Structures are given as structure tokens and as C-alpha cells.
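Written below as C-alpha cells is the structure these notes are about.
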Amino acid sequence: MASQSSAKKGHSREQFDRVGTATTVAELSVEALYAPEAEISVLGGMLIDGDAIDIAAGIVAASDFSEERESIVFGAMRTLRTAGSVVDPVTLGERLRVSGQLALIGGMSYIADVLDAVPTAANIEYHARIVRDRAARR
363 MASQSSAKKG HSREQFDRVG TATTVAELSV EALYAPEAEI SVLGGMLIDG
413 DAIDIAAGIV AASDFSEERE SIVFGAMRTL RTAGSVVDPV TLGERLRVSG
463 QLALIGGMSY IADVLDAVPT AANIEYHARI VRDRAARR
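Rendered as C-alpha cells:
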């Protein structure tokens, strides 16, 4: 039954067997191109530790993020840091509000969600490299 299902989607039996699950080749390709957990980890780490902003900015660019709101948040944090401002949820939210982008990213609740998703900035370099590598594949 599974091989019929995968054959209907245009995938060969070999592809199905090689994968070992019902995951399609297209789904595997998407996983190879995007790393949403790593992207959120980079942003959260930047919010937790100002020095992490410099580390991440040395590895990734705003265009490396797969979602527009992540790119916007990354860019806003870099702008704040470059201006010598403190980067925290309040200053980030204010920067995005002034630039008219706060609602676009999902408001303060999105910033809180990013912060809550990441317990530490300790692995930011590793996570940033994942983001950069996935962006290079797209």
C-alpha cells in the first residue's frame, strides 16, 4: 500500500525503501533546505546575550533566514547593536514598532515566543552555521 502511495506521487520504490519511512523525497528536500529550529535558536540566543549578536552576525546575514519575520528580527537586532543600544525584548519591540514592522512579525508575543524557545546562547555559533549552510543550499 505504501509503495502504491509513493508511486502515485511520482517516487520510485527505491526512493521509498532508501528513506525507510513514508516521508516523501520532496519532504526530505525541504528538511535539507530549512532549519527553523536553528533559526529560532540564533534569534533567541541573540536576545539572551549581546555578544551572541556579534558571533551570529559574523556567520549569517538577514537573507539567510527562511522566513521574512526572522530576517526582520535579525536585522533589527543588528541595527540596535551597531547603534550601541541594548538589545532586549523591550528595545527590539520598540525598534520594530517605530519602523512599522512589529505587527508584521507577529507582535511582542512573537518576540516572547523566540525568547522562551531558547534557554541559552551557548551554541549560537553552531546554530548560525546550520542556518548559513541551509541558506546556501536554497
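Just so we're on the same page, the working numbering is the position in the sequence shown counted from 1, plus 362. In this text, a Cβ means the ideal position worked out from N, Cα and C, and glycines have one as well. Note that this is a predicted model, so its numbers are computed, not measured.
For Leu405, the CB contacts under 7 Å within the same chain, skipping 5 residues up- and downstream, are Glu432, Val435, Phe436 and Val476 in chain order.
For Gln463, same chain residues with a beta-carbon under 8 Å away, outside a window of 5 residues either side, are Ile434 and Ala438 in chain order. Cβ contact annotation for Ile467 (same chain, cutoff 7 Å, sequence separation greater than five): Arg431, Ile434, Val435 and Leu458, in chain order. If you ignore the 5 residues before and after Ala424, its C-beta comes within less than 8 Å of the C-beta of Ser433, Ile434, Phe436, Gly437 and Arg440, all in its own chain and listed in chain order. Sequence-distant partners of Ala414 (beyond 5 residues in either direction) whose C-beta falls short of 6 Å from its own C-beta, in its chain, are Gly407, Met408, Ala483 and Ile486.
If you draw a straight line from the Cα of Asp450 to the Cα of Ile492, it is about 24 Å long.
Distance from the CA of Asp478 to the CA of Gly455, rounded to the nearest whole angstrom, comes to 15 Å.
Counting only runs of 4 or more residues that sit fully inside the stretch 453–479, the alpha helix (DSSP H) segments are 464–467 and 469–479, in chain order. Between Asp426 and Arg499, the CB-CB gap reaches or exceeds 8 Å. Relative to Ser447, the option among Gly412, Ser403, Ala418 and Glu399 whose CA is nearest is Gly412. Ranked by Cα distance from Gly420, the options Ser428, Arg496 and Ala490 are led by Ala490.
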